[in-house]
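Numbering (this note's numbering), first residue to last: 918 to 1212.
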């Protein structure tokens, strides 16, 4: 994993609305964007970045990157990620929402076979405060520090980071893996990464009801994590028969909840109770506890 200021980044879907919006924001944060990919727009530039039709063309002309950030539409997103993996890129941030689960299954299998780190889909990506922005995190809510954040909710990631920053508690890294049923990297994987990260002293985990990823994470904390973990699971007061995702996926989650194997909130709470994590009912309670742990 390479998440440092010298990381070279390719933007796939740079000519899409989201790509045009967030590419300059990433550049202003110091992210080195070496090439953009947008089929049909090769030979042009976007925000001063040369645009190519294919990833292999960008690499052949000296635009080799360590990481790709995908802003392509849902129906092209996984193909874009697979193209990047085939070209040798081993870090993929997939921001696109509405990606079909079966497409993600194929991508996850390819990522596992090639040891590629995939974040997303339907997420704001990764930020290393003061160093690197890969995606759509609002930088003004973060500051450098020693608190690692791993989350399934974009908005709650921002809220918790802002509340930590407001009391002078900076972050080492913040990543949102996304709320979808099939995602590239899991809460468990990022717990391991943050536990091994030398700059992280306390881990904040933000989950959502509606999948088994929080249950797996709680069991992993109990058996393998050495650093203190502060956990919050959103959706405690949601109707039990409905799945919970982001607000724009709420109606869809109702439709699939019957067949998706929803994990009861009680099971998640019980798992966290027997783990070493400190659990809270409100995100506003997190900063004071983190501050006590750091002291």
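The C-beta atom is built at its ideal place from N, Cα and C for all residues, glycine as well. Because the structure is a prediction, the values reported are computed rather than measured.
Residue range of the beta strand (DSSP E) that residue i falls in?
{"i": "residue 985", "result": "984–987"}
{"i": "residue 1072", "result": "Element bounds for residue 1072: not the beta strand (DSSP E) but the alpha helix (DSSP H), 1071–1083."}
{"i": "residue 1195", "result": "1195–1197"}
{"i": "residue 1113", "result": "It is not in any beta strand (DSSP E) - residue 1113 instead sits in the alpha helix (DSSP H) that spans 1104–1113."}
{"i": "residue 1061", "result": "1061–1068"}
{"i": "residue 1125", "result": "1119–1125"}
{"i": "residue 927", "result": "925–929"}
I'd like the span of the alpha helix (DSSP H) that includes residue i, first residue to last.
{"i": "residue 1132", "result": "1130–1141"}
{"i": "residue 938", "result": "934–945"}
{"i": "residue 981", "result": "Premise fails: residue 981 is in no alpha helix (DSSP H) and is neither H nor E."}
{"i": "residue 1204", "result": "1203–1211"}
{"i": "residue 1028", "result": "1018–1031"}
Using beta-carbon positions only, say whether residue i and residue j come within less than 7 angstroms of one another.
{"i": "residue 1100", "j": "residue 1092", "result": "no"}
{"i": "residue 1011", "j": "residue 1037", "result": "yes"}
{"i": "residue 1059", "j": "residue 1028", "result": "no"}
{"i": "residue 1120", "j": "residue 1111", "result": "yes"}
{"i": "residue 940", "j": "residue 977", "result": "no"}
{"i": "residue 1118", "j": "residue 1063", "result": "yes"}
{"i": "residue 1104", "j": "residue 1130", "result": "yes"}
{"i": "residue 1151", "j": "residue 1189", "result": "no"}
{"i": "residue 1046", "j": "residue 1106", "result": "no"}
{"i": "residue 1145", "j": "residue 1211", "result": "no"}
Of the residues the options, which one's Cα is nearest the Cα of residue i?
{"i": "residue 936", "options": "947, 968, 923, 1082", "result": "968"}
{"i": "residue 1147", "options": "1113, 1081, 1085, 1096", "result": "1081"}
{"i": "residue 993", "options": "1086, 973, 977, 1024", "result": "1024"}
{"i": "residue 1031", "options": "1135, 1189, 1006", "result": "1006"}
{"i": "residue 1206", "options": "1047, 1107, 1113, 1084", "result": "1084"}
{"i": "residue 1001", "options": "954, 961, 1137", "result": "954"}
{"i": "residue 934", "options": "960, 1013, 1004", "result": "1013"}
{"i": "residue 1016", "options": "1003, 966, 1096", "result": "1096"}
{"i": "residue 1242", "options": "938, 1133, 931", "result": "What the structure shows of the chain is the stretch from 918 to 1212, and residue 1242 is not part of that stretch, so it cannot be assessed."}
{"i": "residue 1039", "options": "1143, 1132, 956, 1068", "result": "1068"}
{"i": "residue 1138", "options": "1204, 1209, 1195, 1212", "result": "1195"}
Using the C-alpha atoms, what's the distance from residue j back to residue i?
{"i": "residue 1197", "j": "residue 984", "result": "35 angstroms"}
{"i": "residue 997", "j": "residue 987", "result": "7 angstroms"}
{"i": "residue 1020", "j": "residue 1051", "result": "22 angstroms"}
{"i": "residue 928", "j": "residue 991", "result": "15 angstroms"}
{"i": "residue 972", "j": "residue 989", "result": "13 angstroms"}
{"i": "residue 1187", "j": "residue 1149", "result": "13 angstroms"}
{"i": "residue 970", "j": "residue 958", "result": "6 angstroms"}
{"i": "residue 1042", "j": "residue 1191", "result": "30 angstroms"}
{"i": "residue 942", "j": "residue 1126", "result": "32 angstroms"}
{"i": "residue 1185", "j": "residue 1070", "result": "17 angstroms"}
{"i": "residue 1018", "j": "residue 1003", "result": "21 angstroms"}
{"i": "residue 1193", "j": "residue 1054", "result": "29 angstroms"}
{"i": "residue 974", "j": "residue 995", "result": "19 angstroms"}
{"i": "residue 1132", "j": "residue 938", "result": "36 angstroms"}
If you drop the 5 nearest sequence neighbours on each side, which residues of the same chain put their C-beta closer than 7 angstroms to that of residue i?
{"i": "residue 945", "result": "none"}
{"i": "residue 982", "result": "925, 926, 927, 951, 952, 1006"}
{"i": "residue 1102", "result": "1034, 1035, 1036, 1094"}
{"i": "residue 1143", "result": "1112"}
Might you give, ordered along the chain, the residues of its own chain that have their beta carbon closer than 8 angstroms to the beta carbon of residue i, omitting 5 neighbours on each side?
{"i": "residue 918", "result": "1008, 1034, 1110"}
{"i": "residue 949", "result": "922, 923, 924, 925, 926"}
{"i": "residue 1076", "result": "1200"}
{"i": "residue 1049", "result": "920, 921, 922, 924, 946, 947, 948, 1043"}
Looking only at its own chain, which residues have a Cβ that is under 6 angstroms from the Cβ of residue i, when we skip the five neighbours before and after it?
{"i": "residue 966", "result": "950, 953"}
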